[in-house]
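Have a look at the structure below before the remarks.
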Amino acid sequence: MKHRQAGILLHPTSLPGRFGIGDLGPEAEAFLDWLASAGQTLWQVLPLGPTGFGGSPYMSLSAFAGNPLLISPELLRQDGLLKRADLERAPRLAADRVSFDAAERWKAVVLRHAWERFRSKASPQLAESHRVFLDSPEHHEWLPGWAMFAALKERYRGAEWKLWDSSVRRREPAALLEVAHELREEIEFHAFAQFLFYRQWDRLREAARERGVEIFGDIPIYLPMESADVWENPHLFQLDEDLNPAAVSGVPPDYFSETGQHWGTPLYDWPSHEADGFDWWIRRVRLELRRVDLLRLDHFRGFQAYWSIPAGATDARGGRWEPGPDIRIFRALEGALGPPPLVAEDLGDITDEVRGLRDVLGLPGMRVLQFGLGHPESEHHPSRVPEHSVAYTGTHDNDTARGWFEGLSPEERERARADLPADEEEVSWSVVRAAFETRAGRAIAPMQDVLGLGSEARMNTPAVARGNWRWRMAGGQPTPETASRLDALTRSSGRASPTRSPI
(Lines of atoms letter the chains of each structure in order from A and count residues from 1; the text may use other names and numbers.)
(Lines give C-alpha, C1' and ligand atoms only; values in the text may rest on other atoms or scores of the structure.)
Protein backbone atom coordinates (compact mmCIF):
# COMPACT_ATOMS: atom_id res chain seq x y z
CA MET A 1 0.00 0.00 0.00
CA LYS A 2 1.49 3.30 -1.11
CA HIS A 3 -0.38 5.65 1.23
CA ARG A 4 -2.90 5.72 4.05
CA GLN A 5 -6.42 5.35 2.72
CA ALA A 6 -9.96 6.08 3.82
CA GLY A 7 -13.18 4.66 2.49
CA ILE A 8 -16.87 3.94 2.88
CA LEU A 9 -18.70 0.65 3.28
CA LEU A 10 -21.93 0.65 1.30
CA HIS A 11 -23.42 -2.25 -0.63
CA PRO A 12 -24.94 -1.26 -4.01
CA THR A 13 -28.36 -2.53 -2.89
CA SER A 14 -28.37 0.35 -0.36
CA LEU A 15 -28.09 3.05 -3.00
CA PRO A 16 -31.17 5.23 -3.55
CA GLY A 17 -33.42 4.91 -6.58
CA ARG A 18 -36.98 4.18 -7.62
CA PHE A 19 -36.82 0.50 -8.51
CA GLY A 20 -37.04 -1.07 -5.05
CA ILE A 21 -33.33 -1.84 -4.74
CA GLY A 22 -30.07 -0.01 -5.41
CA ASP A 23 -28.29 -0.96 -8.62
CA LEU A 24 -25.25 -0.30 -10.82
CA GLY A 25 -26.75 2.63 -12.69
CA PRO A 26 -26.65 6.43 -12.39
CA GLU A 27 -26.97 6.49 -8.58
CA ALA A 28 -23.87 4.28 -8.28
CA GLU A 29 -21.88 6.63 -10.48
CA ALA A 30 -23.19 9.61 -8.52
CA PHE A 31 -21.99 7.91 -5.35
CA LEU A 32 -18.53 7.56 -6.88
CA ASP A 33 -18.58 11.30 -7.57
CA TRP A 34 -19.48 11.89 -3.94
CA LEU A 35 -16.69 9.59 -2.71
CA ALA A 36 -14.15 11.46 -4.81
CA SER A 37 -15.40 14.83 -3.54
CA ALA A 38 -15.10 13.50 0.03
CA GLY A 39 -11.48 12.45 -0.49
CA GLN A 40 -12.27 8.74 -0.24
CA THR A 41 -10.17 6.26 -2.20
CA LEU A 42 -11.94 3.04 -1.17
CA TRP A 43 -15.48 1.84 -1.77
CA GLN A 44 -16.12 -1.38 0.12
CA VAL A 45 -19.01 -3.55 -1.07
CA LEU A 46 -20.45 -6.85 0.14
CA PRO A 47 -20.43 -10.01 -2.03
CA LEU A 48 -21.94 -9.46 -5.47
CA GLY A 49 -23.45 -12.88 -6.23
CA PRO A 50 -27.11 -13.75 -6.80
CA THR A 51 -29.00 -14.05 -3.52
CA GLY A 52 -31.69 -16.42 -2.36
CA PHE A 53 -34.28 -16.18 0.40
CA GLY A 54 -33.69 -13.22 2.70
CA GLY A 55 -31.35 -11.41 0.33
CA SER A 56 -28.13 -12.23 2.22
CA PRO A 57 -25.10 -11.54 0.01
CA TYR A 58 -23.24 -14.12 2.12
CA MET A 59 -25.59 -16.89 0.96
CA SER A 60 -24.99 -16.54 -2.76
CA LEU A 61 -26.38 -19.06 -5.24
CA SER A 62 -23.12 -18.89 -7.17
CA ALA A 63 -19.47 -18.22 -6.43
CA PHE A 64 -19.05 -16.73 -9.92
CA ALA A 65 -22.30 -15.21 -11.19
CA GLY A 66 -23.37 -11.64 -10.54
CA ASN A 67 -26.66 -10.63 -8.94
CA PRO A 68 -29.25 -9.80 -11.65
CA LEU A 69 -31.07 -7.60 -9.13
CA LEU A 70 -28.16 -5.14 -9.42
CA ILE A 71 -28.73 -4.64 -13.16
CA SER A 72 -29.79 -1.05 -13.83
CA PRO A 73 -32.94 -0.59 -15.95
CA GLU A 74 -31.77 2.93 -16.81
CA LEU A 75 -28.55 1.61 -18.34
CA LEU A 76 -30.55 -0.99 -20.26
CA ARG A 77 -32.52 1.87 -21.77
CA GLN A 78 -29.26 3.60 -22.73
CA ASP A 79 -28.28 0.40 -24.55
CA GLY A 80 -31.56 0.44 -26.46
CA LEU A 81 -32.87 -2.65 -24.66
CA LEU A 82 -35.73 -0.92 -22.87
CA LYS A 83 -38.11 1.89 -23.71
CA ARG A 84 -39.14 4.82 -21.55
CA ALA A 85 -42.53 3.19 -21.08
CA ASP A 86 -40.88 0.15 -19.54
CA LEU A 87 -39.39 2.31 -16.81
CA GLU A 88 -42.60 4.26 -16.31
CA ARG A 89 -44.41 1.01 -15.57
CA ALA A 90 -42.14 0.31 -12.59
CA PRO A 91 -44.22 -0.28 -9.43
CA ARG A 92 -44.08 2.19 -6.59
CA LEU A 93 -41.84 0.56 -3.99
CA ALA A 94 -40.44 1.70 -0.66
CA ALA A 95 -37.56 4.14 -1.06
CA ASP A 96 -35.95 3.55 2.34
CA ARG A 97 -35.88 -0.26 2.36
CA VAL A 98 -34.98 -2.92 -0.19
CA SER A 99 -38.07 -4.68 -1.51
CA PHE A 100 -36.43 -7.95 -2.51
CA ASP A 101 -39.49 -9.89 -3.67
CA ALA A 102 -41.22 -7.06 -5.50
CA ALA A 103 -38.01 -5.85 -7.13
CA GLU A 104 -37.20 -9.38 -8.26
CA ARG A 105 -40.63 -9.85 -9.83
CA TRP A 106 -40.45 -6.58 -11.74
CA LYS A 107 -36.86 -6.96 -12.86
CA ALA A 108 -37.59 -10.48 -14.11
CA VAL A 109 -40.13 -8.95 -16.49
CA VAL A 110 -37.79 -6.12 -17.47
CA LEU A 111 -34.93 -8.50 -18.23
CA ARG A 112 -37.22 -10.59 -20.42
CA HIS A 113 -38.14 -7.46 -22.38
CA ALA A 114 -34.45 -6.61 -22.74
CA TRP A 115 -33.70 -10.13 -23.97
CA GLU A 116 -36.42 -10.00 -26.62
CA ARG A 117 -35.25 -6.60 -27.87
CA PHE A 118 -31.64 -7.78 -27.88
CA ARG A 119 -32.51 -10.75 -30.07
CA SER A 120 -34.48 -8.62 -32.52
CA LYS A 121 -32.86 -5.17 -32.48
CA ALA A 122 -29.43 -5.29 -30.83
CA SER A 123 -26.85 -2.93 -32.27
CA PRO A 124 -23.84 -4.57 -33.95
CA GLN A 125 -21.59 -3.23 -31.18
CA LEU A 126 -23.75 -4.72 -28.41
CA ALA A 127 -24.07 -8.04 -30.23
CA GLU A 128 -20.29 -8.22 -30.61
CA SER A 129 -19.78 -7.44 -26.92
CA HIS A 130 -22.19 -10.25 -26.07
CA ARG A 131 -20.30 -12.69 -28.30
CA VAL A 132 -16.96 -11.75 -26.75
CA PHE A 133 -18.41 -12.25 -23.26
CA LEU A 134 -19.72 -15.72 -24.08
CA ASP A 135 -16.42 -16.75 -25.69
CA SER A 136 -14.21 -15.40 -22.90
CA PRO A 137 -12.28 -18.23 -21.19
CA GLU A 138 -12.75 -16.69 -17.74
CA HIS A 139 -16.53 -16.82 -18.14
CA HIS A 140 -16.75 -20.01 -20.15
CA GLU A 141 -15.49 -21.94 -17.11
CA TRP A 142 -18.58 -21.18 -15.02
CA LEU A 143 -21.25 -19.54 -17.19
CA PRO A 144 -22.78 -22.65 -18.86
CA GLY A 145 -23.23 -24.40 -15.52
CA TRP A 146 -24.78 -21.37 -13.85
CA ALA A 147 -27.13 -20.68 -16.78
CA MET A 148 -28.35 -24.29 -16.79
CA PHE A 149 -28.81 -24.22 -13.02
CA ALA A 150 -30.83 -20.98 -13.20
CA ALA A 151 -32.98 -22.38 -16.03
CA LEU A 152 -33.64 -25.55 -14.03
CA LYS A 153 -34.59 -23.48 -10.98
CA GLU A 154 -37.31 -21.94 -13.11
CA ARG A 155 -38.42 -25.30 -14.53
CA TYR A 156 -38.82 -26.63 -10.99
CA ARG A 157 -40.51 -23.40 -9.82
CA GLY A 158 -37.76 -22.44 -7.44
CA ALA A 159 -37.51 -25.80 -5.69
CA GLU A 160 -34.19 -26.75 -4.10
CA TRP A 161 -32.08 -28.86 -6.43
CA LYS A 162 -32.32 -31.74 -3.94
CA LEU A 163 -36.00 -31.97 -5.01
CA TRP A 164 -35.31 -32.14 -8.72
CA ASP A 165 -35.62 -35.36 -10.73
CA SER A 166 -32.98 -37.84 -9.63
CA SER A 167 -31.18 -37.96 -12.96
CA VAL A 168 -30.87 -34.16 -13.06
CA ARG A 169 -30.02 -33.89 -9.38
CA ARG A 170 -27.19 -36.37 -9.86
CA ARG A 171 -26.12 -34.76 -13.13
CA GLU A 172 -26.34 -37.86 -15.26
CA PRO A 173 -24.83 -37.00 -18.68
CA ALA A 174 -27.87 -38.09 -20.71
CA ALA A 175 -30.19 -36.02 -18.51
CA LEU A 176 -27.99 -32.92 -18.83
CA LEU A 177 -27.89 -33.28 -22.62
CA GLU A 178 -31.68 -33.44 -22.65
CA VAL A 179 -31.91 -30.35 -20.42
CA ALA A 180 -29.47 -28.46 -22.66
CA HIS A 181 -31.74 -29.18 -25.64
CA GLU A 182 -35.11 -28.59 -24.00
CA LEU A 183 -34.12 -25.45 -22.10
CA ARG A 184 -31.79 -23.95 -24.68
CA GLU A 185 -33.54 -20.59 -24.87
CA GLU A 186 -33.85 -20.28 -21.09
CA ILE A 187 -30.17 -21.13 -20.68
CA GLU A 188 -29.29 -18.48 -23.26
CA PHE A 189 -31.43 -15.93 -21.40
CA HIS A 190 -29.67 -16.50 -18.07
CA ALA A 191 -26.29 -16.24 -19.77
CA PHE A 192 -27.50 -12.95 -21.29
CA ALA A 193 -28.44 -11.65 -17.83
CA GLN A 194 -24.86 -12.31 -16.70
CA PHE A 195 -23.59 -10.44 -19.75
CA LEU A 196 -25.66 -7.45 -18.66
CA PHE A 197 -24.40 -7.63 -15.08
CA TYR A 198 -20.74 -7.81 -16.08
CA ARG A 199 -21.18 -5.12 -18.73
CA GLN A 200 -22.62 -2.73 -16.14
CA TRP A 201 -20.14 -3.72 -13.44
CA ASP A 202 -17.18 -3.19 -15.80
CA ARG A 203 -18.56 0.25 -16.62
CA LEU A 204 -18.83 1.13 -12.93
CA ARG A 205 -15.35 -0.22 -12.20
CA GLU A 206 -13.88 1.95 -14.93
CA ALA A 207 -15.76 4.98 -13.55
CA ALA A 208 -14.20 4.25 -10.15
CA ARG A 209 -10.70 4.09 -11.65
CA GLU A 210 -11.24 7.44 -13.36
CA ARG A 211 -12.05 8.97 -9.96
CA GLY A 212 -9.16 7.37 -8.11
CA VAL A 213 -11.45 5.06 -6.13
CA GLU A 214 -10.53 1.42 -5.54
CA ILE A 215 -13.26 -1.19 -5.13
CA PHE A 216 -12.84 -3.28 -1.96
CA GLY A 217 -14.71 -6.55 -2.46
CA ASP A 218 -15.74 -9.42 -0.21
CA ILE A 219 -15.69 -13.18 -0.75
CA PRO A 220 -17.80 -15.45 1.48
CA ILE A 221 -15.91 -18.55 2.53
CA TYR A 222 -18.99 -20.80 2.25
CA LEU A 223 -21.85 -21.29 -0.19
CA PRO A 224 -25.36 -22.51 0.62
CA MET A 225 -26.45 -26.04 -0.22
CA GLU A 226 -28.84 -24.44 -2.67
CA SER A 227 -26.08 -23.12 -4.93
CA ALA A 228 -25.02 -23.98 -8.44
CA ASP A 229 -21.53 -24.80 -7.21
CA VAL A 230 -22.63 -27.54 -4.81
CA TRP A 231 -24.91 -29.02 -7.49
CA GLU A 232 -22.10 -28.96 -10.08
CA ASN A 233 -19.26 -30.07 -7.80
CA PRO A 234 -20.62 -32.33 -5.04
CA HIS A 235 -17.20 -34.00 -4.72
CA LEU A 236 -15.76 -30.73 -3.41
CA PHE A 237 -18.14 -30.69 -0.42
CA GLN A 238 -18.76 -32.93 2.58
CA LEU A 239 -21.89 -34.67 1.31
CA ASP A 240 -23.12 -38.20 1.93
CA GLU A 241 -24.21 -40.73 -0.72
CA ASP A 242 -27.66 -39.15 -0.88
CA LEU A 243 -26.11 -35.70 -1.48
CA ASN A 244 -27.04 -34.46 1.99
CA PRO A 245 -24.52 -32.51 4.08
CA ALA A 246 -22.52 -34.76 6.37
CA ALA A 247 -21.75 -31.72 8.54
CA VAL A 248 -22.45 -28.00 8.28
CA SER A 249 -20.72 -24.71 8.96
CA GLY A 250 -20.93 -22.12 11.72
CA VAL A 251 -18.97 -20.70 14.61
CA PRO A 252 -18.99 -21.52 18.33
CA PRO A 253 -20.60 -19.25 20.93
CA ASP A 254 -19.09 -15.75 20.85
CA TYR A 255 -19.97 -12.12 21.50
CA PHE A 256 -22.69 -12.25 18.84
CA SER A 257 -24.56 -15.31 20.13
CA GLU A 258 -24.53 -17.50 23.26
CA THR A 259 -25.40 -20.57 21.19
CA GLY A 260 -22.97 -19.77 18.39
CA GLN A 261 -23.94 -19.24 14.78
CA HIS A 262 -25.42 -22.14 12.83
CA TRP A 263 -24.89 -21.15 9.20
CA GLY A 264 -26.00 -24.52 7.87
CA THR A 265 -23.96 -24.43 4.67
CA PRO A 266 -22.09 -27.56 3.55
CA LEU A 267 -18.42 -27.77 4.45
CA TYR A 268 -15.65 -28.21 1.92
CA ASP A 269 -13.97 -31.54 1.34
CA TRP A 270 -10.53 -29.99 1.58
CA PRO A 271 -8.58 -33.12 0.53
CA SER A 272 -10.53 -33.12 -2.76
CA HIS A 273 -9.71 -29.45 -3.31
CA GLU A 274 -6.05 -30.09 -2.60
CA ALA A 275 -5.95 -33.10 -4.93
CA ASP A 276 -7.21 -30.80 -7.69
CA GLY A 277 -4.55 -28.19 -6.94
CA PHE A 278 -7.23 -25.90 -5.43
CA ASP A 279 -8.33 -25.18 -9.00
CA TRP A 280 -11.89 -24.16 -8.03
CA TRP A 281 -10.54 -21.63 -5.52
CA ILE A 282 -8.00 -20.28 -7.99
CA ARG A 283 -10.73 -19.70 -10.55
CA ARG A 284 -12.97 -18.12 -7.91
CA VAL A 285 -10.38 -15.69 -6.60
CA ARG A 286 -9.17 -14.87 -10.13
CA LEU A 287 -12.66 -13.80 -11.17
CA GLU A 288 -13.20 -11.81 -7.97
CA LEU A 289 -9.96 -9.91 -8.55
CA ARG A 290 -11.18 -9.13 -12.05
CA ARG A 291 -14.14 -7.37 -10.40
CA VAL A 292 -12.37 -5.60 -7.51
CA ASP A 293 -9.01 -4.11 -6.50
CA LEU A 294 -8.84 -5.50 -2.97
CA LEU A 295 -10.58 -8.56 -1.54
CA ARG A 296 -11.71 -9.32 2.01
CA LEU A 297 -11.61 -13.02 2.90
CA ASP A 298 -14.70 -13.59 5.00
CA HIS A 299 -14.15 -15.96 7.98
CA PHE A 300 -10.40 -16.20 7.37
CA ARG A 301 -9.96 -18.41 10.42
CA GLY A 302 -11.91 -21.15 8.60
CA PHE A 303 -8.93 -21.72 6.32
CA GLN A 304 -6.79 -22.64 9.33
CA ALA A 305 -9.47 -24.56 11.23
CA TYR A 306 -13.25 -24.64 10.75
CA TRP A 307 -16.16 -25.31 13.10
CA SER A 308 -17.90 -28.53 12.02
CA ILE A 309 -21.48 -28.93 13.28
CA PRO A 310 -23.16 -32.35 13.07
CA ALA A 311 -25.89 -32.54 10.46
CA GLY A 312 -29.27 -32.19 12.17
CA ALA A 313 -28.01 -30.07 15.08
CA THR A 314 -30.23 -27.10 15.87
CA ASP A 315 -27.45 -24.78 17.01
CA ALA A 316 -23.66 -24.55 16.91
CA ARG A 317 -22.79 -25.64 20.43
CA GLY A 318 -22.19 -29.30 19.55
CA GLY A 319 -19.59 -28.57 16.88
CA ARG A 320 -15.85 -29.10 16.94
CA TRP A 321 -12.79 -27.62 15.28
CA GLU A 322 -11.40 -29.48 12.25
CA PRO A 323 -8.16 -28.65 10.40
CA GLY A 324 -8.45 -26.54 7.25
CA PRO A 325 -6.07 -26.33 4.29
CA ASP A 326 -3.95 -23.76 6.10
CA ILE A 327 -1.10 -22.22 4.11
CA ARG A 328 -1.33 -24.73 1.26
CA ILE A 329 -4.33 -23.05 -0.38
CA PHE A 330 -2.65 -19.65 -0.26
CA ARG A 331 0.56 -20.97 -1.79
CA ALA A 332 -1.55 -22.40 -4.60
CA LEU A 333 -3.24 -19.02 -5.10
CA GLU A 334 0.12 -17.22 -5.14
CA GLY A 335 1.52 -19.69 -7.62
CA ALA A 336 -1.36 -19.12 -10.03
CA LEU A 337 -2.14 -15.44 -9.47
CA GLY A 338 0.91 -13.90 -7.84
CA PRO A 339 0.49 -12.39 -4.35
CA PRO A 340 -3.25 -11.56 -4.34
CA PRO A 341 -4.36 -8.31 -2.63
CA LEU A 342 -6.28 -9.83 0.28
CA VAL A 343 -7.51 -8.70 3.70
CA ALA A 344 -8.11 -11.30 6.41
CA GLU A 345 -11.41 -11.05 8.28
CA ASP A 346 -9.87 -12.17 11.56
CA LEU A 347 -12.73 -11.46 13.95
CA GLY A 348 -14.26 -13.82 16.48
CA ASP A 349 -12.53 -16.80 18.11
CA ILE A 350 -8.99 -16.22 16.83
CA THR A 351 -6.07 -18.40 17.95
CA ASP A 352 -2.32 -17.96 17.75
CA GLU A 353 -2.32 -20.39 14.82
CA VAL A 354 -4.75 -18.19 12.88
CA ARG A 355 -2.72 -15.08 13.66
CA GLY A 356 0.40 -16.93 12.59
CA LEU A 357 -1.14 -17.86 9.24
CA ARG A 358 -2.28 -14.28 8.68
CA ASP A 359 1.16 -12.90 9.53
CA VAL A 360 3.23 -15.37 7.52
CA LEU A 361 1.07 -14.48 4.51
CA GLY A 362 1.55 -10.78 5.26
CA LEU A 363 -2.19 -10.07 5.20
CA PRO A 364 -3.71 -7.11 7.01
CA GLY A 365 -6.39 -8.02 9.54
CA MET A 366 -9.42 -6.08 10.77
CA ARG A 367 -9.93 -3.97 13.88
CA VAL A 368 -13.42 -2.83 14.89
CA LEU A 369 -13.55 0.13 17.24
CA GLN A 370 -16.96 -0.80 18.67
CA PHE A 371 -15.25 -3.82 20.24
CA GLY A 372 -12.42 -1.74 21.74
CA LEU A 373 -13.73 1.65 22.83
CA GLY A 374 -13.78 1.71 26.62
CA HIS A 375 -11.63 -1.41 26.79
CA PRO A 376 -7.95 -0.42 26.69
CA GLU A 377 -6.86 -4.05 26.96
CA SER A 378 -8.65 -5.00 23.70
CA GLU A 379 -6.77 -5.35 20.43
CA HIS A 380 -9.60 -3.28 18.95
CA HIS A 381 -8.85 -0.28 21.17
CA PRO A 382 -7.82 2.71 18.99
CA SER A 383 -4.41 2.91 20.67
CA ARG A 384 -3.66 -0.74 19.85
CA VAL A 385 -4.69 -0.82 16.20
CA PRO A 386 -1.60 -1.81 14.16
CA GLU A 387 -0.48 -0.10 10.98
CA HIS A 388 -0.88 -3.28 8.94
CA SER A 389 -4.64 -3.51 9.39
CA VAL A 390 -7.98 -2.08 8.32
CA ALA A 391 -9.73 -0.05 11.03
CA TYR A 392 -13.54 0.05 11.09
CA THR A 393 -16.02 1.98 13.17
CA GLY A 394 -18.20 -1.12 12.72
CA THR A 395 -18.94 -3.67 10.02
CA HIS A 396 -22.13 -4.80 8.28
CA ASP A 397 -22.66 -7.18 11.25
CA ASN A 398 -22.53 -4.41 13.86
CA ASP A 399 -25.10 -1.87 14.93
CA THR A 400 -24.44 1.64 13.67
CA ALA A 401 -22.06 3.69 15.80
CA ARG A 402 -24.92 5.79 17.15
CA GLY A 403 -27.08 2.75 17.81
CA TRP A 404 -24.19 0.97 19.52
CA PHE A 405 -23.45 3.95 21.77
CA GLU A 406 -27.10 4.47 22.70
CA GLY A 407 -27.32 0.81 23.68
CA LEU A 408 -24.47 1.04 26.21
CA SER A 409 -25.00 1.38 29.93
CA PRO A 410 -24.18 4.79 31.46
CA GLU A 411 -20.90 3.40 32.79
CA GLU A 412 -19.96 1.93 29.42
CA ARG A 413 -20.78 5.20 27.68
CA GLU A 414 -18.53 7.11 30.04
CA ARG A 415 -15.62 4.75 29.38
CA ALA A 416 -16.17 4.86 25.61
CA ARG A 417 -16.42 8.66 25.61
CA ALA A 418 -13.03 8.84 27.31
CA ASP A 419 -11.50 7.13 24.27
CA LEU A 420 -13.20 9.34 21.67
CA PRO A 421 -12.05 12.67 20.26
CA ALA A 422 -13.62 15.55 22.16
CA ASP A 423 -13.97 17.90 19.20
CA GLU A 424 -16.98 16.15 17.59
CA GLU A 425 -20.49 16.78 18.87
CA GLU A 426 -22.12 13.69 17.31
CA VAL A 427 -20.94 10.34 18.59
CA SER A 428 -21.00 8.84 15.09
CA TRP A 429 -18.47 11.35 13.84
CA SER A 430 -16.40 10.89 16.97
CA VAL A 431 -16.08 7.19 16.20
CA VAL A 432 -15.31 7.89 12.53
CA ARG A 433 -12.61 10.35 13.57
CA ALA A 434 -11.19 7.84 16.03
CA ALA A 435 -10.97 5.20 13.28
CA PHE A 436 -9.39 7.58 10.79
CA GLU A 437 -6.82 8.72 13.35
CA THR A 438 -5.61 5.20 14.19
CA ARG A 439 -2.32 3.92 12.81
CA ALA A 440 -4.16 1.56 10.43
CA GLY A 441 -3.13 1.84 6.81
CA ARG A 442 -6.78 1.75 5.78
CA ALA A 443 -9.82 3.08 7.65
CA ILE A 444 -13.43 2.31 6.69
CA ALA A 445 -16.71 3.76 7.94
CA PRO A 446 -20.12 2.34 7.02
CA MET A 447 -22.18 4.99 5.25
CA GLN A 448 -24.70 4.91 8.12
CA ASP A 449 -22.06 6.26 10.51
CA VAL A 450 -21.15 9.15 8.22
CA LEU A 451 -24.86 9.95 8.03
CA GLY A 452 -25.20 9.70 11.84
CA LEU A 453 -28.01 7.13 11.70
CA GLY A 454 -29.27 4.96 14.54
CA SER A 455 -30.19 1.30 14.91
CA GLU A 456 -33.01 1.64 12.39
CA ALA A 457 -30.29 1.70 9.71
CA ARG A 458 -28.49 -1.46 10.84
CA MET A 459 -27.63 -3.70 7.87
CA ASN A 460 -27.45 -7.12 9.53
CA THR A 461 -27.96 -8.75 12.92
CA PRO A 462 -26.06 -12.07 13.06
CA ALA A 463 -28.06 -15.14 14.10
CA VAL A 464 -31.32 -13.33 13.18
CA ALA A 465 -32.86 -14.89 10.07
CA ARG A 466 -35.28 -12.21 8.90
CA GLY A 467 -35.33 -8.48 8.24
CA ASN A 468 -31.67 -8.00 7.32
CA TRP A 469 -29.91 -6.41 4.32
CA ARG A 470 -32.76 -3.98 3.64
CA TRP A 471 -31.40 -0.55 4.59
CA ARG A 472 -31.16 2.06 1.81
CA MET A 473 -30.03 5.66 1.68
CA ALA A 474 -32.69 8.27 1.11
CA GLY A 475 -32.67 10.38 -2.02
CA GLY A 476 -30.42 13.40 -1.63
CA GLN A 477 -28.06 11.59 0.71
CA PRO A 478 -25.21 12.08 1.25
CA THR A 479 -24.88 15.84 0.80
CA PRO A 480 -22.02 18.02 -0.47
CA GLU A 481 -21.71 19.41 3.06
CA THR A 482 -21.12 15.90 4.41
CA ALA A 483 -18.52 15.32 1.69
CA SER A 484 -16.70 18.52 2.66
CA ARG A 485 -16.66 17.51 6.31
CA LEU A 486 -15.39 14.01 5.52
CA ASP A 487 -12.77 15.39 3.14
CA ALA A 488 -11.44 17.68 5.87
CA LEU A 489 -11.22 14.74 8.29
CA THR A 490 -9.50 12.61 5.66
CA ARG A 491 -6.89 15.31 5.09
CA SER A 492 -6.31 16.05 8.76
CA SER A 493 -5.81 12.34 9.52
CA GLY A 494 -3.25 11.97 6.74
CA ARG A 495 -5.40 9.80 4.49
CA ALA A 496 -5.84 12.11 1.51
CA SER A 497 -4.70 10.77 -1.84
CA PRO A 498 -1.25 12.13 -2.72
CA THR A 499 -2.55 12.98 -6.21
CA ARG A 500 -5.12 15.44 -4.79
CA SER A 501 -4.05 19.04 -4.47
CA PRO A 502 -4.28 20.63 -1.01
CA ILE A 503 -7.15 23.00 -0.29
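Here the sequence shown is numbered in our numbering, starting from 198 and rising by one per residue. Every residue, glycine too, gets a C-beta built ideally from N, C-alpha and C.
Rounded to whole angstroms, S296 and G342 show a C-alpha spacing of 28 Å. In the three-state DSSP reduction, G204 falls in the strand class (E or B). Per DSSP, W358 is not a residue of any alpha helix (DSSP H), being assigned neither H nor E. Residues of the same chain with a CB within less than 8 Å of the CB of A299, apart from the 5 flanking positions on each side, are G217, P288, L290 in chain order. In this structure, DSSP gives T210 a helical state, which the three-state scheme calls helix. Setting aside the 5 residues that flank it on each side, G409 is surrounded in the same chain by A233, T238, S694, T696, each with a C-beta closer than 7 Å to its C-beta; the list follows chain order. Per DSSP, reduced to three states, the secondary structure at R215 is coil, with no helix or strand assignment. Distances from the CA of W626 to each of G604, L243, T597, R636 were compared; the closest alpha carbon is that of T597. Look at the region 240-316 and you find these whole runs of alpha helix (DSSP H), each 4 residues long or longer: 270-275, 281-285. W398 is not bridged by DSSP to any residue.
Annotated three-state conformation of L605 is coil, per DSSP. For S469, there is no enclosing beta strand (DSSP E); the enclosing alpha helix (DSSP H) has its first and last residue at 467-472. If you check the CB distance, W478 and H470 come in under 8 Å. Taking C-beta atoms as the reference points, T635 and V582 count as a pair closer than 8 Å. In this structure, DSSP gives R408 a state outside helix and strand, which the three-state scheme calls coil. Rounded to the nearest whole angstrom, the CA to CA distance from P421 to P370 is 24 Å. Annotation for R487: E335 place their beta carbon closer than 8 Å to its own, counting only its chain and skipping 5 residues before and after. Membership of R493 in the beta strand (DSSP E) is indicated by the continuous run 491-494. Under a 10 Å Cβ-count criterion, D230 is classified as exposed, with fewer than 16 other Cβ atoms of the shown protein chains found around its own Cβ. Residue pairing by DSSP puts H459 in a beta bridge opposite G447. R669 carries a coil assignment under DSSP once its states are collapsed to helix, strand and coil. Under the 8 Å Cβ criterion, the region 263-275 counts as touching the region 387-399, having at least three qualifying pairs.
Non-local beta-carbon contacts of R599 in its own chain, meaning distances under 7 Å to residues more than five positions away in sequence, involve V624, S625, G649, L650, G651 in chain order. Assigned with DSSP and collapsed to three states, M345 falls in helix. Taking C-beta atoms under 8 Å as the contact rule, D549 and T590 fail to qualify, at a distance of about 27 Å. In the three-state scheme derived from DSSP, where H, G and I count as helix and E and B as strand, W231 is classed as helix.
In the DSSP assignment, G553 falls within the unbroken alpha helix (DSSP H) covering 549-558.
Selection L544, G219, D556 evaluated against M563 yields L544 as nearest (Cα-Cα).
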